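Asker: Right, I'll just put the structure down here and ask away after.
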Amino acid sequence: MSFDLGPMLEGFDYVPGRVTARLVVGDDGREKIQMRTELGLVQLEADGPPDGKERMGYPSLLHFHRARMAPGHPLPSLRLTSEECHELFEEAGLYYMRYSCCLQLRDYRRAERDTTCNLEAMDLCRDHAIDDDDRLLFEEYRPLVLMMRARARAGRLMEDGDPCGAADQIAEAISAVRRLLASNGSAYITGEADADIRALEELAQELRGCGADVVDRVELRLELRRAIDREDYRLAAELRDALRSVDCHRPNDSTS
Numbered sequence: 313m314s315f316d317l318g319p320m321l322e323g324f325d326y327v328p329g330r331v332t333a334r335l336v337v338g339d340d341g342r343e344k345i346q347m348r349t350e351l352g353l354v355q356l357e358a359d360g361p362p363d364g365k366e367r368m369g370y371p372s373l374l375h376f377h378r379a380r381m382a383p384g385h386p387l388p389s390l391r392l393t394s395e396e397c398h399e400l401f402e403e404a405g406l407y408y409m410r411y412s413c414c415l416q417l418r419d420y421r422r423a424e425r426d427t428t429c430n431l432e433a434m435d436l437c438r439d440h441a442i443d444d445d446d447r448l449l450f451e452e453y454r455p456l457v458l459m460m461r462a463r464a465r466a467g468r469l470m471e472d473g474d475p476c477g478a479a480d481q482i483a484e485a486i487s488a489v490r491r492l493l494a495s496n497g498s499a500y501i502t503g504e505a506d507a508d509i510r511a512l513e514e515l516a517q518e519l520r521g522c523g524a525d526v527v528d529r530v531e532l533r534l535e536l537r538r539a540i541d542r543e544d545y546r547l548a549a550e551l552r553d554a555l556r557s558v559d560c561h562r563p564n565d566s567t568s
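Counting with my numbering, you get residues 313 to 568 for the letters of the sequence shown.
In structure tokens:
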């Protein structure tokens with residue numbers, strides 16, 4: 313067996329500033345998500361723990377801590393130490409990697425599942441951390457995760473033929489993020505959240521009378537907005553070309 317990754321990476325190119333992912337079936341028969349990196353790739357389980365490892369008999373640390381906080385647990389504890397909060401934070405990084413790939417793959421149900429897990433981990437630290445600093449450990453990322461979950465839910469609803477429901481999900485997320493930023497904007501990463509809000513606001517009305525290709529336009533416009541904010545003009549030009557290609561295939565809205 314060769315350990316050379318070269319053949320595996322042929323045709324699976326790394327693009328700076330973009331998530332490049334693919335879904336494969338492993339030798340164990342389970343689906344895996346592979347994400348291209350500059351020097352190779354990262355492989356994640358598509359379901360269950362992203363790294364395939366249970367935590368103390370549970371699918372995740374989130375599941376473990378929720379179980380031990382339940383009233384029926386032999387030694388219930390409602391507090392999280394600083395170490396436990398940071399372990400949850402590290403685990404959330406794996407889920408972030410996976411749901412970023414799922415959004416790129418248009419696997420909206422899995423993306424919704426994983427963004428919800430991370431929001432629940434944020435709530436757990438905020439509500440149960442012993443140290444005040446640990447209560448805020450996740451909070452700067454909350455607006456971004458809310459927006460990513462809205463994209464996942466909107467994509468799922470579009471696949472189910474409910475564009476108005478998709479628009480409602482985006483509008484609700486925008487309102488929630490605006491409330492967070494207004495209440496304590498200094499606690500959050502505002503730049504990328506603002507970029508997401510601007511891009512999604514432009515599309516909220518379009519979703520209510522859209523065609524099936526709107527999901528592609530949502531993702532491309534979000535990536536374009538971020539590329540411009542990063543001053544990555546080469547990628548921005550490529551994304552504009554991709555948007556023009558999608559728009560060229562839109563049905564003519566005029567009536568004869």
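All residues carry an ideal CB built from backbone N, CA and C; glycine is no exception. Keep in mind the model is a prediction, meaning the values are calculated, not measured.
According to DSSP, is E366 part of a helix, a strand, or is it coil?
Answerer: DSSP places E366 in coil when its eight states are reduced to three.
Asker: Please go through the same chain and pick out, in chain order, the residues whose beta-carbon is closer than 6 angstroms to the beta-carbon of R348, but skip the five residues on each side of it.
Answerer: Around R348: F324, Y326, T332.
Asker: Write down every uninterrupted run of the beta strand (DSSP E) in the segment 335-409 whose length is 3 residues or greater and which is fully enclosed by it, in chain order.
Answerer: Entirely contained in the segment 335-409, the beta strand (DSSP E) runs reaching 3 residues are, in chain order, 343-349, 352-357.
Asker: Looking at R438 and R447, is the spacing between their C-beta atoms short of 7 angstroms?
Answerer: Yes.
Asker: Count the other CB atoms, across all protein chains shown, that sit within 10 Å of the CB of C476; report buried if there are 16 or more and exposed otherwise.
Answerer: Burial call: exposed.
Asker: Taking three-plus beta-carbon pairs below 8 angstroms as touching, is the segment 445-460 in contact with the segment 374-386?
Answerer: Contact between the segment 445-460 and the segment 374-386 is absent, because fewer than three Cβ pairs lie under 8 angstroms.
Asker: How many angstroms separate the CA atom of D339 from the CA atom of A404?
Answerer: So the alpha carbons of these two residues sit roughly 26 angstroms apart.
Asker: Please work out which residues of its chain come closer than 6 angstroms, Cβ to Cβ, to L555, disregarding the five sequence neighbours upstream and downstream, and give them in chain order.
Answerer: Around L555: L532.
Asker: On the three-state DSSP scale, how would you describe D316?
Answerer: Of the three classes helix, strand and coil, the one that applies to D316 here is coil, per DSSP.
Asker: Using the C-alpha atoms, what's the distance from M313 back to L431?
Answerer: Going by the C-alpha atoms only, they are around 41 angstroms apart.
Asker: Please confirm whether H440 and L374 have their CB atoms less than 7 angstroms apart.
Answerer: No, the pair does not count as a contact, with Cβ atoms beyond the cut-off.
Asker: Helix, strand or coil: how does DSSP classify D325 here?
Answerer: Reduced to three states, the DSSP call for D325 is coil.
Asker: For R454, which residues in the same chain have their Cβ closer than 8 angstroms to its Cβ, ignoring the five residues on either side in sequence?
Answerer: Closer than 8 angstroms at the Cβ level, and outside the excluded window around R454, lie L431, M434, L492, Y500.
Asker: Between Y420 and the rest of its own chain, which residues show a CB-CB distance below 7 angstroms, the 5 nearest in sequence each way excluded?
Answerer: Contacts found: A464, G467, R468, E471.
Asker: Is it right to say D508 is buried, meaning 16 or more other beta carbons lie within 10 angstroms of its own, or is it exposed?
Answerer: Looking at its Cβ environment, which holds 16 or more other Cβ atoms inside 10 Å, D508 is buried.
Asker: Since L547 and P328 should fall inside the 8 angstroms C-beta cutoff, what is the C-beta to C-beta distance between them, to a whole number of angstroms?
Answerer: Right, the Cβ-Cβ distance comes to about 7 angstroms (below 8 angstroms), so this counts as a contact.
Asker: Go through its chain and collect everything with a Cβ distance to R367's Cβ below 6 angstroms, but skip five positions before and after it.
Answerer: If we look at R367 and ignore the five residues flanking it on each side, its Cβ neighbours are L373, F376.
Asker: Compare the Cα-Cα distances from Y408 to each of E396, L456, L436 and report the closest residue.
Answerer: Nearest of E396, L456, L436 to Y408, Cα basis: L456.
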